[in-house]
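Peer 1: Input: one structure, supplied below.
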Amino acid sequence: MTPTKLLTSAIALSFAFAAQTSADTTADLITFAEISDTRPGNITVTPDNRVIITQQPLDGPTLRVVEVLEDGTKVPFPTQDWADGPEAGDVGIAGTIGIKSDANGIVWILDMGSADSAPKLVGWDTQADALHKIIEIPSDVVTPISFLQDFALDEERGKIYIADMTFTAPAADLKPAFIVIDLETGTARRVLEASGTLMPSDEDVVIDGNLVGFKDADGNATPWHLSMNAITIDPTFDNVYFGTMNGRDIWRIPAAALADAALDDAALAGQITRYAEKGPNDGFIIDGQGRVFSGDVTRNAVTVSTPDSFEIFAQDDKLLRWADGFAFATDGTMYIVANQLHTHPALNMGDDGSDHSYVILTAKP
Numbered sequence: 007m008t009p010t011k012l013l014t015s016a017i018a019l020s021f022a023f024a025a026q027t028s029a030d031t032t033a034d035l036i037t038f039a040e041i042s043d044t045r046p047g048n049i050t051v052t053p054d055n056r057v058i059i060t061q062q063p064l065d066g067p068t069l070r071v072v073e074v075l076e077d078g079t080k081v082p083f084p085t086q087d088w089a090d091g092p093e094a095g096d097v098g099i100a101g102t103i104g105i106k107s108d109a110n111g112i113v114w115i116l117d118m119g120s121a122d123s124a125p126k127l128v129g130w131d132t133q134a135d136a137l138h139k140i141i142e143i144p145s146d147v148v149t150p151i152s153f154l155q156d157f158a159l160d161e162e163r164g165k166i167y168i169a170d171m172t173f174t175a176p177a178a179d180l181k182p183a184f185i186v187i188d189l190e191t192g193t194a195r196r197v198l199e200a201s202g203t204l205m206p207s208d209e210d211v212v213i214d215g216n217l218v219g220f221k222d223a224d225g226n227a228t229p230w231h232l233s234m235n236a237i238t239i240d241p242t243f244d245n246v247y248f249g250t251m252n253g254r255d256i257w258r259i260p261a262a263a264l265a266d267a268a269l270d271d272a273a274l275a276g277q278i279t280r281y282a283e284k285g286p287n288d289g290f291i292i293d294g295q296g297r298v299f300s301g302d303v304t305r306n307a308v309t310v311s312t313p314d315s316f317e318i319f320a321q322d323d324k325l326l327r328w329a330d331g332f333a334f335a336t337d338g339t340m341y342i343v344a345n346q347l348h349t350h351p352a353l354n355m356g357d358d359g360s361d362h363s364y365v366i367l368t369a370k371p
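In the working numbering, the protein residues as written are 7 to 371.
Structural data, given as structure tokens:
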């Protein structure tokens with residue numbers, strides 16, 4: 007499979023099932039921006055409330071990363087040359103979904119790379135409006151089927167933990183892993199490859215009567231069964247939380263363990279514990295109270311999970327079609343990207359079912 011086909015297929019990956027329980031009321035949603043051209047991907051909010059999004063690679067965007075202004079206007083981020091890709095100008099992001107800002111306003115962008123551009127992390131200092139650092143991801147920690155789609159930023163230890171979902175068929179051949187990057191030295195390690203909690207379940211997902219999947223070479227409907235995708239870290243940098251695309255479990259591992267190069271895979275696997283229930287999802291985020299917020303695609307909802315509960319936080323049949331990326335502002339406001347990814351031909355049996363009404367929403371947990 008070519009890198010382009012791999013990217014196109016691998017983004018077609020996010021599933022959600024209905025919550026097992028629901029709250030009596032749902033949160034109020036406020037529309038921050040309406041988008042009708044390119045699907046938004048993930049989102050981050052800087053300490054001074056700049057809203058920055060990646061643009062979904064599946065849509066082939068001209069600009070890979072943009073800042074969304076208060077009036078909804080999108081402008082290239084961090085510069086035109088970086089945003090428009092390596093094929094134009096001197097530098098560029100080839101394709102990206104994962105993006106995070108640290109407490110000092112350094113925005114880290116995970117460039118997944120392409121056939122002609124190696125994957126890398128790009129750190130941009132939004133306070134100085136200058137390049138902070140480029141960290142190339144070495145070839146010995148990626149595989150031919152790697153898909154570097156999201157990451158957790160550990161500011162206490164100076165590490166980034168990348169969720170390499172990988173993509174291939176059949177699902178049993180997937181090799182998901184964490185890639186641990188040291189932000190000071192740039193050294194990288196690949197750990198827990200194909201470990202049990204990272205591997206996919208065999209549950210299908212159906213939305214509005216349509217199987218989330220693709221047609222194989224013979225025209226047969228084939229469901230997507232994907233591995234570890236969602237990843238987040240708690241505000242105190244104690245634990246990294248992760249889950250598979252169509253699984254129902256949120257797992258966690260101590261960040262100190264992932265950061266420890268002396269621990270082998272067996273030792274790391276022994277420190278993974280189940281945290282809470284979820285539906286299959288694309289991304290999630292945890293707050294300071296230990297609540298994990300994630301999308302529920304089949305219910306057009308955002309769910310909230312704790313070790314003792316699994317409830318609907320917000321639900322809207324128009325606004326929350328495929329709730330995808332999440333971010334918190336410093337005042338606790340939660341930003342939510344909803345991008346109808348399930349209506350893209352790559353997930354919708356080759357048919358385009360989108361009405362191109364994508365949104366960035368805010369809510370108060």
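Yeah, the Cβ is synthetic: ideal placement off N, Cα and C, and Gly gets one too.
Nearest by alpha-carbon distance to residue 164: which of 145, 190, 181 is it?
Peer 2: By one-based count along the sequence shown, residue 164 stands at place 158. Of 145, 190, 181, the residue nearest in Cα terms is 190.
Peer 1: Residue 29 by DSSP, collapsed to three states: which one?
Peer 2: Taking the first residue of the sequence shown as position 1, residue 29 is located at position 23. Residue confidence is low: residue 29 scores 41 on pLDDT, short of 50, so the model does not pin down where it sits. No coordinate-derived value is stated.
Peer 1: How about residue 49 and residue 303: do their beta carbons lie closer than 7 Å?
Peer 2: Your numbering for residue 49 matches position 43 in the sequence shown. Your numbering for residue 303 matches position 297 in the sequence shown. No, they are not a contact pair.
Peer 1: Suppose the cutoff is 7 Å on Cβ atoms and the five residues either side in sequence are ignored; what does the same chain contact list for residue 357 look like?
Peer 2: As a position in the sequence shown, residue 357 is number 351, starting the count at 1. For residue 357, where only same-chain residues beyond five positions count, the Cβ hits under 7 Å are 351.
Peer 1: How is the alpha helix (DSSP H) around residue 86 delimited, first residue to last?
Peer 2: Taking the sequence shown and counting its residues from 1, the one referred to as residue 86 is at position 80. Per DSSP, residue 86 belongs to the alpha helix (DSSP H) from 86 to 89.
Peer 1: Taking 7 Å as the threshold (C-beta atoms), are residue 335 and residue 35 in contact?
Peer 2: Locating residue 35 in the sequence shown gives position 29, where the first residue counts as 1. Locating residue 335 in the sequence shown gives position 329, where the first residue counts as 1. Contact flag unset, no.
Peer 1: What did DSSP end up calling residue 336 once you bin it into helix, strand or coil?
Peer 2: Mapped onto the sequence shown, residue 336 falls at position 330. In the structure shown, residue 336 sits in coil (DSSP, three-state: anything other than H, G, I, E or B).
Peer 1: Alpha carbon to alpha carbon, how far is residue 359 from residue 263? Give it in angstroms, no decimals.
Peer 2: Taking the sequence shown and counting its residues from 1, the one referred to as residue 263 is at position 257. Taking the sequence shown and counting its residues from 1, the one referred to as residue 359 is at position 353. Whole-angstrom Cα-Cα distance: 43 Å.
Peer 1: Once DSSP output is grouped into helix, strand and coil, what is the label at residue 137?
Peer 2: Position 131 of the sequence shown, counting from 1, holds the residue named residue 137. Residue 137: strand per DSSP, three-state reduction.
Peer 1: Do residue 104 and residue 156 have their C-beta atoms within less than 7 Å of each other?
Peer 2: Numbered from 1 along the sequence shown, position 98 holds the residue referred to as residue 104. Numbered from 1 along the sequence shown, position 150 holds the residue referred to as residue 156. Cβ atoms of residue 104 and residue 156: closer than 7 Å.
Peer 1: Please state if the CB of residue 70 and the CB of residue 364 are separated by a distance shorter than 7 Å.
Peer 2: Position 358 of the sequence shown, counting from 1, holds the residue named residue 364. Position 64 of the sequence shown, counting from 1, holds the residue named residue 70. Against a cut-off of 7 Å, the Cβ pair of residue 70 and residue 364 comes out as no contact.
Peer 1: Pull up the DSSP beta-bridge partners for residue 280, would you.
Peer 2: One-based indexing of the sequence shown puts residue 280 at position 274. Answer is 257, bridged to residue 280.
Peer 1: If you follow the alpha helix (DSSP H) that residue 274 is part of, which residue opens it and which one closes it?
Peer 2: Residue 274 sits at position 268 when you count from the first residue of the sequence shown. Looking at the DSSP string, the run of the alpha helix (DSSP H) that includes residue 274 is 271 to 275.
Peer 1: Which residue spans inside the segment 112 to 173 form an unbroken alpha helix (DSSP H) run of at least 4?
Peer 2: Segments of the alpha helix (DSSP H) lying fully in the segment 112 to 173: there are none.
Peer 1: Given a threshold of 16 other Cβ atoms within 10 Å of its Cβ, counted over all protein chains shown, does residue 120 qualify as buried or as exposed?
Peer 2: Residue mapping note: residue 120 aligns to position 114 of the sequence shown, counting from 1. Residue 120 comes out buried.
Peer 1: Starting from residue 74, follow the beta strand (DSSP E) in both directions and report where the run begins and ends.
Peer 2: Taking the sequence shown and counting its residues from 1, one reaches residue 74 at position 68. From DSSP, the beta strand (DSSP E) with residue 74 extends over 71 to 74.
Peer 1: From 131, 371, 171, pick the residue whose C-alpha is nearest to that of residue 294; which is it?
Peer 2: As a first step, residue 294 must be located in the sequence shown, where it is residue number 288. It is 371 whose Cα lies nearest to the Cα of residue 294.
Peer 1: Okay, do the segment 205 to 212 and the segment 230 to 239 touch, 3+ Cβ pairs below 8 Å being the bar?
Peer 2: They touch, by the three-pair rule.
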